[in-house]
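These notes concern the structure reproduced below.
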Amino acid sequence: MTNTLDRRTLLRLAGASAGTAVLAGATLADPSPAGAVTAAFRHGVASGDPLPDGILLWTRVTPTPDALPGSGAGPDVEVSWQVATDPDFRTPIAAGTFTTGPARDHTVKIAVSGLAAGTTYWYRFGHGGAWSPTGRTMTAPPVDAAVDRLRLGVVSCANWEAGYFAAYRRLADRGDLNLVVHLGDYLYEYATGEFAAAGRVVRPTQPAHEVLTLADYRIRHALYKTDPHLQALHAAVPWVITWDDHEVANDEWSGGAENHTPGTEGPFADRLAAARQAYLEWMPVRVGADGAIYRRFRFGRLAELSMLDLRSYRSAQASGPAVDDPNRTITGDAQMAWLKAGLSGSAARWKLVGNPVMIARLDVGALPSWLLGPLGKLLGIPENGAVLNADQWDGYNADRNELVDHLRATGTRDVVFLTGDIHTSWANEVTTRSTLFEPAAAEFVVPSVTSDNVNDFLKLPAGNALSQLGAGLLRSTNPHVRWAELDGHGYGVLDVTPQRCRMDWYHLADRTSSTSGSRWVAGWSVGTGSSRLRAESAPA
81 MTNTLDRRTL
91 LRLAGASAGT
101 AVLAGATLAD
111 PSPAGAVTAA
121 FRHGVASGDP
131 LPDGILLWTR
141 VTPTPDALPG
151 SGAGPDVEVS
161 WQVATDPDFR
171 TPIAAGTFTT
181 GPARDHTVKI
191 AVSGLAAGTT
201 YWYRFGHGGA
211 WSPTGRTMTA
221 PPVDAAVDRL
231 RLGVVSCANW
241 EAGYFAAYRR
251 LADRGDLNLV
261 VHLGDYLYEY
271 ATGEFAAAGR
281 VVRPTQPAHE
291 VLTLADYRIR
301 HALYKTDPHL
311 QALHAAVPWV
321 ITWDDHEVAN
331 DEWSGGAENH
341 TPGTEGPFAD
351 RLAAARQAYL
361 EWMPVRVGAD
371 GAIYRRFRFG
381 RLAELSMLDL
391 RSYRSAQASG
401 PAVDDPNRTI
411 TGDAQMAWLK
421 AGLSGSAARW
431 KLVGNPVMIA
441 RLDVGALPSW
451 LLGPLGKLLG
461 IPENGAVLNA
471 DQWDGYNADR
481 NELVDHLRAT
491 GTRDVVFLTG
501 DIHTSWANEV
511 TTRSTLFEPA
521 AAEFVVPSVT
531 SDNVNDFLKL
541 PAGNALSQLG
551 AGLLRSTNPH
561 VRWAELDGHG
571 YGVLDVTPQR
581 CRMDWYHLAD
591 RTSSTSGSRW
601 VAGWSVGTGS
611 SRLRAESAPA
């Protein structure tokens with residue numbers, strides 16, 4: 081018998097200088113892209129991975145009617161690009177051309193360097209006498225800048241068939257963000273109807289079958305980038321992105337996935353290569369020489385953001401006592417060493433971690449073994465009790481213990497994990513057996529943009545009694561879980577100052593409406609020098 085449940089079963093059950101700068105004030109008042117989508121640039125524009133002296137720019141050109149995503153058709157063409165300090169491009173400060181074609185699905189990625197730190201820029205692409213929509217972006221401040229504020233939109237889990245991406249529009253409309261952090265599941269791999277809105281397909285996906293090949297993944301990426309709300313947010317602000325499992329297949333690990341059957345779907349390595357190639361073509365993300373996407377960004381002396389990859393190196397999911405096996409890993413040895421050294425060696429006030437799956441313990445169904453003593457080992461109860469979702473850090477206790485023990489041993493404070501994946505909203509204090517009453521970090525988990533959560537699986541309205549009871553039981557059996565909400569879809573806004581790091585949660589009125597509004601539902605913050613969370617009574 082297994083005591084491990086997958087994620088869906090869980091849901092069913094329950095311009096800066098070296099002086100002071102205010103980054104939030106440096107964004108623009110009008111967040112909408114300047115210009116309509118043209119036939120040549122129908123997938124919009126995007127920027128990402130800001131550095132003090134550079135930014136990554138992205139678009140996709142459709143040079144001929146037959147040059148459709150995934151088709152392999154169409155000619156090689158030159159696309160021009162411009163960067164300016166004004167939206168009218170009166171005096172471009174950087175420009176060039178890029179040759180693209182069917183070998184890269186006609187995508188364009190430009191790593192622009194030589195820019196001024198902490199500065200807002202406008203950019204655009206040109207082909208065949210037409211310009212793309214205009215995008216806006218911002219470089220990071222100087223590493224030693226005394227930054228007063230950083231404001232991030234935080235999102236995860238956007239399922240095309242389950243609704244519209246109004247959450248992205250609401251973030252784009254704010255006009256006060258410096259950055260969007262996307263924690264994974266930017267898209268989903270399923271065939272149409274396999275994972276929709278409480279069983280109802282709001283808008284059919286393309287291709288209609290489960291994506292397996294390079295052409296399939298390219299078509300699915302292209303579909304997502306036709307969403308006007310997604311385009312608006314990409315054009316309004318730079319993104320820092322990592323992947324989770326659905327960019328390849330559900331519950332992916334380094335050698336396979338729950339949603340991959342080699343006998344009928346071919347070698348997993350072929351599917352992985354196809355998914356990764358399409359992702360790197362279609363996303364504004366920098367990649368290391370070894371193909372790694374775990375990477376780090378600095379925002380003056382205020383914050384440093386470490387983005388994790390918790391799929392490429394992880395051991396296969398396990399259950400029972402195997403979740404305590406020190407030979408199993410969620411990060412891989414090299415990434416763990418990089419993460420520990422980066423956190424303890426950081427000179428930034430806040431150490432933010434873009435963390436695709438929840439790191440906080442979730443003790444459900446049994447008392448933890450440290451309370452049971454030797455009897456727990458005899459009964460085969462894992463260290464943190466029965467694991468409800470072994471796809472999270474709960475399934476890899478040794479890695480979590482190693483990281484938390486390192487934070488304590490080095491006196492590293494002011495660490496905040498930003499988490500997605502489980503479609504629900506949480507404010508957690510990160511503890512282990514040795515830090516049960518002294519959390520080592522804080523964790524803010526954002527809800528899904530559209531993907532089903534508890535009330536959707538129950539086919540009940542949001543805020544129903546069963547969902548509220550489930551959230552109450554989770555909190556009562558997990559005192560380090562300070563707040564949990566199991567029904568809402570939406571996004572988070574992280575507000576960072578030298579004194580505190582704060583997340584505000586916003587939930588949509590109706591994910592199936594393209595014009596849905598949103599409302600503030602909760603705010604939690606953590607002050608410097610402490611990982612204890614405190615509730616806030618109004619939005620930041």
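All residue numbers for the sequence shown refer to the working numbering, where the first residue is 81 and numbers rise by one.
No residue lacks a Cβ here, since even glycine has one placed at the ideal position from N, Cα and C.
Through-space distance from G400 to F121, alpha-carbon basis: Position 41 of the sequence shown, counted from the first residue, corresponds to residue 121. Position 320 of the sequence shown, counted from the first residue, corresponds to residue 400. Distance between the alpha carbons of F121 and G400: 51 Å.
Do N508 and V576 have their CB atoms nearer than 7 Å? Within the sequence shown, residue 508 is the residue found at index 428, counting from 1. Within the sequence shown, residue 576 is the residue found at index 496, counting from 1. By the CB criterion at 7 Å, N508 and V576 fall outside the cutoff.
Can you check which of these residues, K305, V163, A618, A602, is closest to L195 by C-alpha distance? As a working note, residue 195 is residue 115 in the sequence shown. Measuring from the Cα of L195, the nearest candidate turns out to be V163.
Just verifying my parser: in three-state terms, what is the DSSP assignment at E565? One-based indexing of the sequence shown puts residue 565 at position 485. DSSP, reduced to helix, strand and coil, places E565 within a strand of the structure shown.
Have a look at A551 and A440 and give me their C-alpha separation to the nearest angstrom. Working through the sequence shown from its first residue, we reach residue 551 at position 471. Working through the sequence shown from its first residue, we reach residue 440 at position 360. If I take the Cα positions, the gap works out to 15 Å.
With distance defined between alpha-carbon atoms, name the residue in S611, M387, A174 nearest to D129. As a working mapping, residue 129 is identified with position 49 in the sequence shown. Measuring C-alpha to C-alpha distances from D129 to each of S611, M387, A174 identifies M387 as the nearest.
Go ahead and pull the three-state DSSP assignment for H587. By 1-based counting over the sequence shown, the position of residue 587 is 507. Collapsing the DSSP output to three states places H587 in a strand.
Straight-line Cα distance separating T179 from T144: What you label residue 144 is simply residue 64 of the sequence shown in a count that begins at 1. What you label residue 179 is simply residue 99 of the sequence shown in a count that begins at 1. C-alpha separation (whole angstroms): 15 Å.
G434 and L487: beta carbons closer than 7 Å? Translated into positions along the sequence shown, residue 434 becomes position 354. Translated into positions along the sequence shown, residue 487 becomes position 407. No, Cβ-Cβ distance for G434 and L487 is not below 7 Å.
D156 vs G176 beta-carbon contact at 7 Å: Residue mapping note: residue 156 aligns to position 76 of the sequence shown, counting from 1. Residue mapping note: residue 176 aligns to position 96 of the sequence shown, counting from 1. Not a contact, by the Cβ cut-off of 7 Å.
Close Cβ partners of P541 (< 6 Å) along its chain, the five nearest in sequence each way excluded: Along the sequence shown, one-based indexing puts residue 541 at 461. Within the same chain, and ignoring the five residues on either side of P541 in sequence, no residue has its Cβ closer than 6 Å to its Cβ.
Can you tell me whether A368 is buried or exposed? The criterion is at least 16 other CB atoms within 10 Å of its CB, across all chains shown. Taking the sequence shown and counting its residues from 1, one reaches residue 368 at position 288. The question names Ala, but residue 368 in the sequence shown is Gly. Looking at its Cβ environment, which holds fewer than 16 other Cβ atoms inside 10 Å, G368 is exposed.
Starting from T272, trace the alpha helix (DSSP H) in both directions and tell me its first and last residue. Reading the sequence shown from its first residue, position 192 is the one you call residue 272. No alpha helix (DSSP H) contains T272, which DSSP labels as neither H nor E.
Does DSSP put N558 in a helix, a strand or coil? If you number the sequence shown from 1, residue 558 lands on position 478. In the structure shown, N558 sits in coil (DSSP, three-state: anything other than H, G, I, E or B).
Starting from V495, follow the beta strand (DSSP E) in both directions and report where the run begins and ends. The residue you call residue 495 lines up with position 415 of the sequence shown. Residues 495-499.
Rounded to the nearest angstrom, what separates D133 and P221 at their Cα positions? In the sequence shown, residue 133 corresponds to position 53, counting from 1. In the sequence shown, residue 221 corresponds to position 141, counting from 1. C-alpha separation (whole angstroms): 9 Å.
Are the beta-carbon atoms belonging to R429 and L382 less than 7 Å from one another? Translated into the one-based positions of the sequence shown, residue 429 becomes position 349. Translated into the one-based positions of the sequence shown, residue 382 becomes position 302. Yes; because the gap between Cβ atoms is below 7 Å, this pair is in contact.
Give the DSSP bridge partners of V573, in chain order. For the purposes of this step, residue 573 is identified with residue 493 of the sequence shown, where counting begins at 1. Beta-bridge analysis with DSSP links V573 to G233, D584.
By DSSP's criteria, V262 is part of a beta bridge. Which residues make up the other side? Counting from one through the sequence shown, the residue named residue 262 turns up at place 182. Note on identity: in this sequence residue 262 is His, with Val being the wrong assignment. Per DSSP, the beta-bridge partners of H262 are V235, I321.
For H569, count the other beta carbons within 10 Å of its own beta carbon; 16 or more makes it buried, fewer makes it exposed. Which is it? On the sequence shown, residue 569 is found 489 positions in, with the first residue counted as 1. Answer is buried; the Cβ neighbour count reaches 16.
Chain-order list of residues whose beta-carbon lies under 7 Å from that of L588 (same chain, five-residue window excluded): On the sequence shown, position 508 is the one that residue 588 refers to. Close CB contacts of L588 within its chain, under the 7 Å cut and outside five residues either way in sequence, are with A246, A247, H569, G570, S596, S598 (chain order).
Simplified DSSP assignment, three categories, for D350: The count along the sequence shown starts at 1 and reaches residue 350 at position 270. Residue state, collapsed to three classes: helix.
Reduced DSSP secondary structure (H/G/I, E/B, other) of R122: Position 42 of the sequence shown, counted from the start, is the residue given in the question as residue 122. Coil at R122, not helix or strand.
Assuming L483 contacts K420 (C-beta within less than 8 Å), just tell me the rounded distance between them. Counting from 1 along the sequence shown, the entry for residue 483 is found at position 403. Counting from 1 along the sequence shown, the entry for residue 420 is found at position 340. About 7 Å; that satisfies the 8 Å criterion.
Exposed or buried, what is L549 when buried is set at 16 or more other beta-carbons lying within 10 Å of its beta-carbon? By one-based count along the sequence shown, residue 549 stands at place 469. Classification for L549: exposed.
CB A337 to CB G150, shorter than 7 Å? Your numbering for residue 337 matches position 257 in the sequence shown. Your numbering for residue 150 matches position 70 in the sequence shown. No, Cβ-Cβ distance for A337 and G150 is not below 7 Å.
Is the beta carbon of G264 sitting closer than 7 Å to the one on D324? Residue numbering aside, residue 264 sits at position 184 when the sequence shown is read from its first letter. Residue numbering aside, residue 324 sits at position 244 when the sequence shown is read from its first letter. With a cutoff of 7 Å on beta-carbon distance, G264 and D324 are scored as near each other.
Cα-Cα separation between G422 and T306, rounded to whole angstroms: Against the sequence shown, residue 422 aligns to sequence position 342. Against the sequence shown, residue 306 aligns to sequence position 226. Whole-angstrom Cα-Cα distance: 37 Å.
Just checking my contact of H186 with T118 at CB under 8 Å: how many whole Å lie between their CB atoms? Counting from one through the sequence shown, the residue named residue 186 turns up at place 106. Counting from one through the sequence shown, the residue named residue 118 turns up at place 38. Contact flag wrong, Cβ pair sits at about 14 Å.
Below-7 Å beta-carbon distance, S424 vs any chain B residue: Judged by its chain identifiers, the structure shown contains no chain B, having just a single protein chain.
Figure out for me which residue from P172, F524, V573 has the closest Cα to the Cα of D256. For the purposes of this step, residue 256 is identified with residue 176 of the sequence shown, where counting begins at 1. Among P172, F524, V573, the Cα nearest to that of D256 belongs to V573.
So, for S617: in the same chain, excluding its five sequence neighbours on each side, which residues have a beta-carbon less than 6 Å away from its beta-carbon? On the sequence shown, residue 617 is found 537 positions in, with the first residue counted as 1. Excluding positions up to five away in sequence, the list is empty.
Going by alpha carbons, who is nearest to R216 out of A226, G209, R204, A210? Position 136 of the sequence shown holds residue 216. The shortest Cα separation from R216 among A226, G209, R204, A210 belongs to R204.
Let's test the definition: count the other Cβ atoms within 10 Å of the Cβ of N407 and tell me whether it reaches 16, buried, or not, exposed. Here residue 407 is taken as the residue at index 327 of the sequence shown, counted from 1. It counts as exposed.
Measure how close the beta-carbons of S605 and P519 come, nearest whole angstrom, since I'm counting them as under 8 Å. For the purposes of this step, residue 605 is identified with residue 525 of the sequence shown, where counting begins at 1. For the purposes of this step, residue 519 is identified with residue 439 of the sequence shown, where counting begins at 1. Actually they do not touch by this definition, with Cβ atoms about 14 Å apart.
For P347, count neighbouring Cβ atoms within 10 angstroms of its own Cβ and tell me buried if that reaches 16, exposed if not. Locating residue 347 in the sequence shown gives position 267, where the first residue counts as 1. Exposed.
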